Amino acid sequence: MKFKELQIHEKVFEGIRAAGFTKCTPVQAQTLPVALQGRDIAAQAQTGTGKTAAFLIAIFSRMLEVRAPRRGPSPRALIIAPTRELAIQIENEAKLLGGSTGFSIVSVYGGIDYIKQRDAIAKGVDILIGTPGRLIDYLKQKVYSLKKTQFLVIDEADRLFNMGFIADLRFLLRRMAPYDKRQSMLFSATLSHRVLELCYEHMNMPERFSITPETITVDRIDQEIYHVGKSEKLGLLLGLLRHEPEGRYLIFCNTKAWAERLEALLNANNLTTAAITGDLHQNKRMKVLARFKEGKLPILVATDVASRGLHIDGVTHVINYDLPQDPEDYVHRIGRTARAGAEGKAICLACEDYVHSLSDVEEYIKKKIPVVSITEDMIVTDYRRRVRPAKKQSAGPQRKKSPTKGTSSRSQERSGQSRTGKKKAFKKPARRTAPKR
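Sequential numbering from 2 applies to the sequence shown in the numbering used here.
Here it is, written out as structure tokens:
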């Protein structure tokens, strides 16, 4: 199906042409005809299938056709996303597709520009995109209201559940207009019982769609796995990186500690690397991602904060330094490569700590990952194994230590030594005499 076959507003068509879209993806072809009629939808679709463009095209077209409520503190459309990265991604795509509509678009998320984001909402916004925590924060401060919001999108609902946002999500939904007074759209990688329960409770008889490709993983991704011992894991990684130095690598670790350690080790071995984890400040995270997207940073190490919501063209290799424990995370991780019709490679290093997850991953993707044998020349042994720890900055003025080490001032006084280190003169106590009668 082509976009011109659908009842899309001409101003939205300008954004579609600017984005270079001509044909609908399966999720767009199935959901757009229903969404453009103003009906609620609940769609099961994987990341990278074009679902963001699907709900944005529907929202922009409907907002241009439906009469807006009186100007007030309520945004006309609310889009809820589980992560900051996904909220930023949606905002960027919305500004591209809706560039000719004239609608104001604001995204809010934690870790950056608290006052700036609040002021932007207070001025009035048509489309508000955000993560649950920051949205609730401003709502409680009465910076905006949801009573007259006409359109709602819940993106990656399963992820919101897994991250513990269900209570926050229900808090927002209960403060919106009734379900029959707004149009609601929900997208999720899986329509589990919990997700469907949310649909039936807060949506108006949504029409269900299940867009599941025949192969869960992208066909263009060349997948392979190496069975390697934990002691040789880093050496094999260095060998793979040195074998194809021109590649752009996204390396996933299961823990924040290992992501930071791997960043330090790779940099110590003359491989320019940066890491992003959940604790990294948002400003720094955005700068690192910008460098990686622009091709200035060849290697990016990350935890699963980067497995969803990031659209980065040109990633040639995804390496699972740690095999993920959740099969869905494997699909999302390797989906960062082979985007926009390009080819890519996904490599797994299965050590004794995480190899038990392999059977679950292969069962989920419905295929065996080809095993590649390891030769001695593939493992680098002459690498720098230790990294100098960073110098710790003093938290405040240091307390002066006593000249006598290991002895407290009280014990010094007991031994007859003063704090200045000089021996105190011993005074003989006065002799007590009986009182005269």
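Note that CB positions come from ideal geometry on N, CA and C, so glycine has one too.
Quantities reported herein were computed from a predicted structural model and do not represent experimental measurements.
Identify which residue in Lys3, Met379, Gly51 and Ile81 has its Cα closest to the Cα of Arg441.
Only positions 2 to 438 of the chain appear in this structure, which leaves residue 441 out of reach.
Determine the extent of the beta strand (DSSP E) in which Arg40 is found, giving its start and end residues.
Here residue 40 refers to the residue found at position 39 when the sequence shown is read from its first residue. Element bounds for Arg40: n/a, residue is neither H nor E.
Closest Cα partner of Gln184 within the set Lys149, Lys285, Glu92 and Leu298:
The residue given as residue 184 occupies position 183 in the sequence shown. Minimum Cα distance to Gln184 is reached at Lys149.
Given this structure, state the Cα-to-Cα distance separating Gln90 from Thr84, to the nearest angstrom.
Start at 1 with the first residue of the sequence shown, and residue 90 comes out as number 89. Start at 1 with the first residue of the sequence shown, and residue 84 comes out as number 83. Spanning the two alpha carbons is a distance of roughly 10 Å.
Tyr110 to Thr256 span [Cα, whole Å]
Counting from 1 along the sequence shown, the entry for residue 110 is found at position 109. Counting from 1 along the sequence shown, the entry for residue 256 is found at position 255. In a straight line, the C-alpha of Tyr110 is about 23 Å away from that of Thr256.
For His10, I'd like the list of residues in its chain whose CB is within less than 6 Å of its CB, leaving aside the five on either flank, ordered along the chain.
By one-based count along the sequence shown, residue 10 stands at place 9. Cβ within range, chain order: Ser62 and Leu65.
So Val35 is in the alpha helix (DSSP H); what residue range does that whole segment cover?
By one-based count along the sequence shown, residue 35 stands at place 34. Looking at the DSSP string, the run of the alpha helix (DSSP H) that includes Val35 is Pro27 to Ala36.
Sequence-distant residues of its chain with Cβ nearer than 6 Å to Ser358 (five each side left out):
In the sequence shown, the residue the question calls residue 358 occupies position 357. Here the set comprises Leu324 and Gln326.
Which listed residue (Tyr331, Lys231 and Gly279) has its alpha carbon closest to that of Met164:
Position 163 of the sequence shown, counted from the first residue, corresponds to residue 164. With distances taken between Cα atoms, Met164 lies closest to Gly279.
Ser1 bridges to which residues according to DSSP?
Outside the shown range of the chain, which is 2 to 438, sits residue 1, and nothing can be said about it.
Rounded C-alpha distance that separates Ala1 from Asp383
This structure does not reach residue 1, given that the chain is present from 2 up to 438, and the question cannot be answered.
With a threshold of 16 other CB atoms inside 10 Å of the CB of His194, please say whether the residue is buried or exposed.
For the purposes of this step, residue 194 is taken as the residue at position 193 of the sequence shown. So His194 counts as exposed.
Is the Cβ-Cβ distance between Ile370 and Met186 less than 7 Å?
As a first step, residue 370 is located in the sequence shown; it is residue number 369 there, counting from the start. As a first step, residue 186 is located in the sequence shown; it is residue number 185 there, counting from the start. Not a contact, by the Cβ cut-off of 7 Å.
Which of the three DSSP states is assigned to Cys349 in this structure?
In the sequence shown, residue 349 corresponds to position 348, counting from 1. It is a strand residue.
How about Ser108 and Ile130: are their beta carbons less than 7 Å apart?
Taking the sequence shown and counting its residues from 1, one reaches residue 108 at position 107. Taking the sequence shown and counting its residues from 1, one reaches residue 130 at position 129. Against a cut-off of 7 Å, the Cβ pair of Ile130 and Ser108 comes out as a contact.
Compare the beta carbon distance of Val28 and Ala46 with 7 Å and say whether it is the shorter of the two.
The residue labelled residue 28 in the question sits at position 27 within the sequence shown. The residue labelled residue 46 in the question sits at position 45 within the sequence shown. Yes. Within cutoff.
Burial state of Glu329 (16 or more Cβ within 10 Å)
Against the sequence shown, residue 329 aligns to sequence position 328. Label assigned to Glu329: buried.
Pop quiz: Leu57 and Leu98 are said to be a contact at Cβ under 8 Å. What is the actual Cβ separation, rounded to whole angstroms?
In the sequence shown, counting from the first residue as 1, residue 57 sits at position 56. In the sequence shown, counting from the first residue as 1, residue 98 sits at position 97. Leu57 to Leu98, Cβ: 5 Å. Contact.
Pull up the CB-CB distance for Ala44 and Ile212, whole angstroms please, since I reckon it's below 8 Å.
Mapped onto the sequence shown, residue 44 falls at position 43. Mapped onto the sequence shown, residue 212 falls at position 211. 7 Å between Cβ atoms; contact.
My output table needs one value for Lys402: the three-state DSSP class, helix, strand or coil.
Here residue 402 refers to the residue found at position 401 when the sequence shown is read from its first residue. A caution first: Lys402 carries a pLDDT of 48, below 50, which makes its placement in the model unreliable, though a value can still be read off. Three-state DSSP puts Lys402 in coil, outside helix and strand.
Considering only C-alpha positions, which residue in the set Gly336, Val356, Cys349 and Thr317 is nearest to Thr48?
Residue numbering aside, residue 48 sits at position 47 when the sequence shown is read from its first letter. Selected option, being the one with the closest Cα: Gly336.
For Ile380, which residues of its own chain have a beta-carbon under 7 Å away from its beta-carbon, when the five flanking residues on both sides are left out?
One-based indexing of the sequence shown puts residue 380 at position 379. Answer for Ile380: Glu233, Gly236, Leu237 and Gly240, listed in chain order.
CA-to-CA distance, Cys349 to Ile300, given in whole angstroms:
If you number the sequence shown from 1, residue 300 lands on position 299. If you number the sequence shown from 1, residue 349 lands on position 348. In a straight line, the C-alpha of Ile300 is about 16 Å away from that of Cys349.
Return yes when the Cβ of Arg385 is within less than 7 Å of the Cβ of Ala258, no when it is not.
For the purposes of this step, residue 258 is taken as the residue at position 257 of the sequence shown. For the purposes of this step, residue 385 is taken as the residue at position 384 of the sequence shown. Taking 7 Å as the Cβ cut-off, Ala258 and Arg385 do not qualify as a contacting pair.
With Pro274 as the anchor, note down where its beta strand (DSSP E) starts and where it stops.
Locating residue 274 in the sequence shown gives position 273, where the first residue counts as 1. The sequence shown places Thr at residue 274, rather than the Pro named in the question. It spans Thr274 to Ile277 - the beta strand (DSSP E) in which Thr274 sits, taken as one unbroken run.
Ala30 versus Gln38: straight-line alpha-carbon distance, rounded
Reading the sequence shown from its first residue, position 29 is the one you call residue 30. Reading the sequence shown from its first residue, position 37 is the one you call residue 38. Near 14 Å, if we compare the C-alpha coordinates of Gln38 and Ala30.
Considering only residues of the same chain and omitting the five flanking positions on each side of Lys5, which have a CB-CB separation below 8 Å?
For the purposes of this step, residue 5 is taken as residue 4 along the sequence shown, with counting starting at 1. Closer than 8 Å at Cβ, skipping near neighbours: Phe14.
As assigned by DSSP and simplified to three states, the class of Gly49:
As a first step, residue 49 must be located in the sequence shown, where it is residue number 48. In this structure, Gly49 counts as coil in the three-state DSSP scheme.
From the DSSP output, which residues share a beta bridge with Ser211?
Position 210 of the sequence shown, counting from 1, holds the residue named residue 211. Its beta-bridge partners are Gln45.
Output the boundary residues of the beta strand (DSSP E) element that contains Gly131.
Taking the sequence shown and counting its residues from 1, one reaches residue 131 at position 130. Start and end: Ile128 to Gly131.
If we ignore side chains and look at the alpha-carbon of each, how far apart do Glu447 and Ile313 end up?
Residue 447 lies beyond the residue range present for the chain, which begins at 2 and ends at 438; the question has no answer from this structure.
Among all the DSSP beta bridges, which residues are the ones paired with Ala303?
If you number the sequence shown from 1, residue 303 lands on position 302. DSSP lists Phe253 and Ile277 as partners of Ala303.
To the nearest angstrom, how far is it from the Cα of Thr191 to the Cα of Ile366?
Looking up residue 191 in the sequence shown gives position 190. Looking up residue 366 in the sequence shown gives position 365. Rounded to the nearest angstrom, the two C-alpha atoms are 14 Å apart.
In angstroms with no decimal places, state the Cα-to-Cα distance between Leu267 and Leu251.
In the sequence shown, counting from the first residue as 1, residue 267 sits at position 266. In the sequence shown, counting from the first residue as 1, residue 251 sits at position 250. Their backbone Cα atoms lie some 13 Å apart in a straight line.
Roughly how far, in whole angstroms, is the beta-carbon of Leu263 from the beta-carbon of Tyr322, given that I think they are within contact range, below 8 Å?
In the sequence shown, counting from the first residue as 1, residue 263 sits at position 262. In the sequence shown, counting from the first residue as 1, residue 322 sits at position 321. So it is a contact: roughly 7 Å between Cβ atoms.
Inter-residue Cα distance where the pair is Met287 and Gly345:
Along the sequence shown, one-based indexing puts residue 287 at 286. Along the sequence shown, one-based indexing puts residue 345 at 344. The straight-line gap from Cα to Cα measures roughly 24 Å.
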